[in-house]
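Scroll down for the structure; my scribbles are underneath it.
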Amino acid sequence: MTEENINPSSQRRALILGIESSCDETAAAVLDMPAGRVLSSVIASQTDIHALYGGVVPEIASRAHVEAISNVTYGALREAGVTLRDLDAVAVTAHPGLIGALLVGVGFAKSLAFANNLPLVAVDHIRAHAAASYLTPERPEPPFVALVVSGGHTTLFDATSRTEYALLGRSRDDSAGEAFDKVGRLLGLPYPCGAAMDALAAEGKRLNAAARDADGATAVPSGTASPEAVEKTSVKIASPSTIPHFHSSAIDDDSLDFSFSGLKTAAVNYLNTLSQRGEAPDKPRFAAAFTDAVVDGLVRRLADALDRTGRRTAVLAGGVAANSHLRAAAKAICDARGVALCMVEPRYCGDNAAMIAAQGYFELVAGNTAGWSLNARAD
Ligand code: KG4
Ligand code: ZN
């Protein structure tokens with residue numbers, strides 16, 4: 569770890585073009601680094617296309633990237649008011665992700681860098697999610713513990729520098745985002761379901777708090793279904809007291825790994841049982857109980873990671889880091905430890921290319937440029 573790698577003020581200025589195509593967003597951004605100034609960030613989302621299938625269809629994603637990538641990139645250059653000649657490097661997501669989708673970005677970035685005689689930088693998508701924290705006013709300095717929670721990944725890192733990360737834990741099965749998406753779909757929410765689940769859970773918590781106030785401090789939801797749930801359907805709403813006490817599975821070893829498949833299955837089983845009985849769930853309260861379990865599983869591991877490493881800074885990143893309940897719980901466990909928490913701004917939580925350019929800059933100054941034989945990797 570060099571001094572140059574830690575202190576942004578000592579680093580040379582560079583304009584970086586970032587390109588992202590690992591899943592269902594085609595994105596390009598131009599960053600003025602190390603100031604962390606986002607000159608442009610253009611995102612073409614394919615979620616409308618994949619919503620028809622209830623999830624990302626890899627071949628459709630690749631084809632949509634091929635269609636969008638030139639216009640998205642030129643849009644980012646235009647919005648930033650720069651030309652290819654002004655750039656200092658091209659950074660691209662090379663792993664992990666859908667292989668066909670990644671290859672579109674890597675092939676495009678490689679041609680652009682080659683034709684314009686620019687350095688090419690390969691960026692790890694998960695590290696880049698954490699690098700979105702450099703675009704916040706706090707601009708955290710390593711070392712820090714990063715919790716990256718997205719649709720594809722749930723990962724805990726110890727970032728020892730801006731380019732060196734040690735894996736602390738990861739999900740052994742589903743990611744937290746996948747769990748929100750799968751359960752949300754069963755509730756009839758549009759894909760991707762994270763943001764709608766977030767709002768529904770907030771409503772459920774309001775109802776629970778109101779019921780507690782009315783009942784005089786009863787901890788469990790009252791037996792009456794929420795008025796919102798009753799109004800929206802003619803099917804009988806199951807009493808909220810039938811909602812199981814969800815919890816994210818404990819991994820019975822000493823690791824900092826996560827597991828969400830047991831929790832997802834418990835939630836799916838509950839919903840299926842109700843459906844067989846011809847009943848509907850109290851959606852807001854169900855979403856609140858499910859969300860609490862996911863969030864608890866995430867922040868427990870974050871707390872363990874902070875306690876084990878002794879780090880004084882934490883970063884919360886990835887699509888699911890936009891979740892208001894997760895943000896509040898992460899803040900509470902960090903405050904309790906006197907740890908500074910940097911939460912990525914919601915607009916940079918989901919997939920974007922500003923985070924790719926941010927991480928790409930630090931790889932560039934650390935000398936980590938890619939050769940012309942760069943290939944994409946799914947894992
Ligand atoms: O990071 P991201 O854009 O893509 C991947 O790299 O996977 O994350 C997308 C995931 C989806 O599962 C989406 O439902 C979830 O982030 N998400 C949320 C929220 N906003 C997006 N999950 C929970 N609460 C939210 N507010
Ligand atoms: Zn992502």
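Everything in the sequence shown is counted per this note's numbering, starting at 569 for the first residue and increasing by one. Think of the CB as a built atom: it goes at the ideal place given N, C-alpha and C, for glycine as much as any other residue. All values derive from a computational prediction rather than experimental measurement.
- Of the heavy atoms belonging to the ligand ZN, at least one sits nearer than 7 Å to the Cβ of H697.
- By the neighbour-count criterion, in which a residue is buried when 16 or more other Cβ atoms sit within 10 angstroms of its Cβ, D850 is buried.
- Taken through DSSP and simplified to helix, strand or coil, G886 comes out as coil.
- Contact fails between the region 683–692 and the region 601–612, because fewer than three Cβ pairs, one in each stretch, are under 8 Å apart.
- According to the DSSP assignment, Y621 belongs to no beta strand (DSSP E), since it is labelled neither H nor E.
- Annotation: the continuous beta strand (DSSP E) that includes S608 extends over R605 to S613.
- For S729, the closest alpha carbon among the candidates A934, A938 and N943 is that of A934.
- Taking each of N920, T615 and I587 in turn and checking the Cα distance to G762, the smallest one comes out for T615.
- Around the Cβ of N776, a 10 Å sphere holds 16 or more other Cβ atoms; the residue is buried.
- In the DSSP assignment, G737 is bridged to L724.
- Excluding residues up to 5 positions away in sequence, V751, F814 and A835 lie with their Cβ nearer than 7 Å to the Cβ of F858 in the same chain.
- In this structure, the CA atom of D592 is about 7 Å from the CA atom of V624.
- The beta-carbon separation of F712 and R879, rounded to 6 Å, stays under the 8 Å limit for a contact.
- Straight across, the Cα-Cα distance linking A938 with R895 is about 35 Å.
- No Cβ-Cβ contact shorter than 8 Å links G673 with V717.
- The count of Cβ pairs closer than 8 Å, one atom from the region 898–914 and one from the region 870–890, reaches three, so the stretches are in contact.
- According to the DSSP assignment, G665 belongs to no beta strand (DSSP E), since it is labelled neither H nor E.
- For C910, there is no enclosing alpha helix (DSSP H); the residue is part of the beta strand (DSSP E) that begins and ends at A908 to M911.
- Its chain contains L824 as the residues whose beta carbon lies nearer than 8 Å to that of D872, once the 5 sequence neighbours on both sides are disregarded; these appear in chain order.
- Residue burial is scored here from C-beta neighbours: A644 has at least 16 other C-beta atoms within 10 angstroms and is therefore classed as buried.
- Here the alpha carbon of H618 sits roughly 43 Å from the alpha carbon of A782.
- Sorting A595, G604 and L620 by C-alpha distance to the C-alpha of P758 places L620 at the top.
- Counting the other CB atoms within 10 Å of its CB gives E588 a total of 16 or more, which places it among the buried residues.
- Only residues of its own chain outside the window of five on either side were considered, and among them C591, D592, Q614, H618, L666, G668 and A669 have a CB closer than 8 Å to the CB of A629, listed in chain order.
- For F828, the secondary structure class from DSSP, reduced to helix, strand or coil, is coil.
- Relative to the ligand KG4, the nearest heavy atom lies less than 7 Å away from the CB of C591.
- Per the coordinates, the alpha-carbon of V883 lies some 10 Å from the alpha-carbon of A700.
- Straight through space, the alpha carbons of Q844 and V650 are spaced by roughly 59 Å.
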